[in-house]
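Colleague:
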Amino acid sequence: MSRRSLGLVVSVTLVAAGTALIYPLKEVAPVVSLGVVYIPGVLLVAAAWGLPLGLLTALLSAAAFNWFHLPPIGALDIAADHDLVALVVFGIVAVFGAALADFARARTAESEHRREEADRALEQLEALELERERMQAEMIESEALRRSDELKTSLLRSVSHDLRTPLTSIIAAGAALDSPSATAEERHELSEAVVEQGQRLSRLVENLLDVSRLESGKAEPRREPVDLPGLLEAARHSIGPGGDVVRLSLDSDLPALSADPTQLERAFANLLDNAVVHGAGEPVLVRSRLVGPRLVVRVVDRGPGIPERERERIFEPFYRAADGNGSGSGLGLAIARGFIEANGGEIAVESLPGQGSSFVVSFDAPVSGPADSGARS
544 MSRRSLGLVV SVTLVAAGTA LIYPLKEVAP VVSLGVVYIP GVLLVAAAWG
594 LPLGLLTALL SAAAFNWFHL PPIGALDIAA DHDLVALVVF GIVAVFGAAL
644 ADFARARTAE SEHRREEADR ALEQLEALEL ERERMQAEMI ESEALRRSDE
694 LKTSLLRSVS HDLRTPLTSI IAAGAALDSP SATAEERHEL SEAVVEQGQR
744 LSRLVENLLD VSRLESGKAE PRREPVDLPG LLEAARHSIG PGGDVVRLSL
794 DSDLPALSAD PTQLERAFAN LLDNAVVHGA GEPVLVRSRL VGPRLVVRVV
844 DRGPGIPERE RERIFEPFYR AADGNGSGSG LGLAIARGFI EANGGEIAVE
894 SLPGQGSSFV VSFDAPVSGP ADSGARS
């Protein structure tokens, strides 16, 4: 039996096992919450056989869950709104989980490939420095294992925390929508909660994809004239209600930048979101000025500040500052630096403990006049 055929057999078997397991669990838990029974099988197949089979397992699981457990039984139809919400949430979790498992599998394979290349290079030096080769091989292997462990831990933390919180809120809101005692105002608030948490999940997926593109070197900017004030306004709007505390103080005669507007908007959106999260509820000030030959943007918050020992580490993927705020995935600043540097800019942080932080972004100012209406924002 080929490896792909074995994967198909395992996929179907796990879906069947999950479907059977849900029957006794219906006695102790609401059926809309039991779709999670299929998730371990989706993760296992994606991790062992790759994303395509993982997505197939997710699709089979959703179909089986709908057919065998969601009314009307024996039909691919949805009778109640909360069942539809549960099925959609399950589909999002299953697909996202399969992508994460495949991402971890690919990174592990990449680490193994790099380790093997290092071993081959060291073997060529064996005749000259056998002892040094042995020690260096151990060091490289240890580093590869450490990085692999860190990645697995970071991914698990991201899944367990950043996925669980919005998913729990969506499921709870979806179930409450079906309550006959819910008023129209309460239903509206619950619907808004579902949308807000869904957007939070979407931002997490976008951040993971951005980090993947940056680390794989596939974030080549598509340059065009960019109106910086318009772009900063778009970035402020993109972070949702948090953008209400952002104050823009921008020179009106700034020249247009030659950059990728999508990448820069994502970079500044992550900087603004970070400042809002850590800004202790105070206004966040954004200034843009021409300073000599440089176009400088400052994002200033009034949060607790960043210790000097952490001012470089905060730009590492999955790193979260030890300021007591557990919000965020630890990806935003890594994405901001990656996209800013990809577009020829620089980013640094200035901070005084207890007085806030200032993220300073600078670009070489183009030799041109103010941005005109043709520049993209």
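Residue numbers (our numbering): 544 to 920.
Idealized CB from N, CA, C, for every residue including glycine.
Using a 10 Å radius around the Cβ and a threshold of 16 neighbouring Cβ atoms, would you call E808 buried or exposed?
Modeller: With 16 or more other Cβ atoms within 10 Å, it is buried.
Colleague: L720 to R730, Cα distance in whole Å?
Modeller: L720 and R730: Cα-Cα distance of roughly 6 Å.
Colleague: For F861, which three-state DSSP category applies?
Modeller: Reduced to three states, the DSSP call for F861 is coil.
Colleague: Excluding sequence positions up to five away, which residues of its chain have a Cβ less than 8 Å from the Cβ of Q806?
Modeller: Closer than 8 Å at Cβ, skipping near neighbours: A762, P764, F882, A885, N886.
Colleague: Quick one: is S916 buried, meaning 16 or more other Cβ sit within 10 Å of its Cβ, or exposed?
Modeller: Any reading at S916 needs caution, since the residue's pLDDT is 45, under 50, leaving its predicted position unreliable; the model's value is listed next. Looking at its Cβ environment, which holds fewer than 16 other Cβ atoms inside 10 Å, S916 is exposed.
Colleague: Would you identify the three-state DSSP class for V738, choosing helix, strand or coil?
Modeller: V738 falls in the helix class under three-state DSSP.
Colleague: Excluding the 5 residues flanking L598 on each side, which residues of the same chain have their C-beta closer than 6 Å to its C-beta?
Modeller: So the qualifying residues of the chain are A641.
Colleague: Rounded C-beta distance between L874 and F858? I'm assuming under 8 Å.
Modeller: 11 Å between Cβ atoms; not a contact.
Colleague: Exposed or buried, which one is L596 when buried takes at least 16 other CB atoms within 10 Å?
Modeller: Answer is buried; the Cβ neighbour count reaches 16.
Colleague: Quick one: grab the DSSP three-state call for L791.
Modeller: L791: strand per DSSP, three-state reduction.
Colleague: Could you work out which residue in G822, F811, V769 is closest to A799 when comparing CA atoms only?
Modeller: Closest option to A799, Cα to Cα, is V769.
Colleague: By Cβ distance, which residues of its chain are closer than 6 Å to E825, with the 5 residues on each side in sequence left out?
Modeller: Cβ within range, chain order: R845.
Colleague: For V849, which residues from the same chain have a beta carbon less than 7 Å from its beta carbon, with the 5 sequence-adjacent residues on both sides left out?
Modeller: Residue identity differs from the one stated: residue 849 is Ile in this sequence, not Val. Excluding positions up to five away in sequence, the list reads I857, A864, V892, S894, S900.
Colleague: Using the Cα positions of E672 and E655, report the straight-line distance between them to the nearest angstrom.
Modeller: Their Cα atoms are separated by approximately 24 Å.
Colleague: Provide the residue(s) that pair with G899 in DSSP beta bridges, ordered along the chain.
Modeller: Bridge partners of G899: L895.
Colleague: Out of curiosity, what's the CA-to-CA distance linking A589 and R547?
Modeller: Cα-Cα distance, rounded: 12 Å.
Colleague: Taking the alpha-carbon positions, what's the L797 to R832 distance?
Modeller: If you take the alpha carbons of L797 and R832, they lie about 7 Å apart.
Colleague: By the three-class DSSP mapping on this structure, what secondary structure does G917 have?
Modeller: Summary for G917: the model assigns pLDDT 47, below 50, so the residue's position carries little reliability; its value from the coordinates is reported in the next sentence. It is coil, neither helix nor strand.
Colleague: Between L771, A715, L587, which lies nearest to V632 when the distance is taken from Cα to Cα?
Modeller: Measuring from the Cα of V632, the nearest candidate turns out to be A715.
Colleague: Kindly confirm or deny that the stretch 769-779 and the stretch 663-681 touch, where touching means at least three C-beta pairs closer than 8 Å.
Modeller: No, because fewer than three Cβ pairs between the stretch 769-779 and the stretch 663-681 fall closer than 8 Å, the two stretches do not touch.
Colleague: Mapping DSSP to helix, strand and coil, what is S745?
Modeller: Looking at S745 - three-state DSSP - the assignment turns out to be helix.
Colleague: With DSSP collapsed to three states, give me the class of P723.
Modeller: Here P723 sits in coil by DSSP.
Colleague: Going by the CB atoms, is the gap between V819 and V827 shorter than 7 Å?
Modeller: A contact, by the Cβ cut-off of 7 Å.
Colleague: Smallest Cα separation from N817: which of A601, L793, E851, I782?
Modeller: Considering only alpha carbons, the answer is I782.
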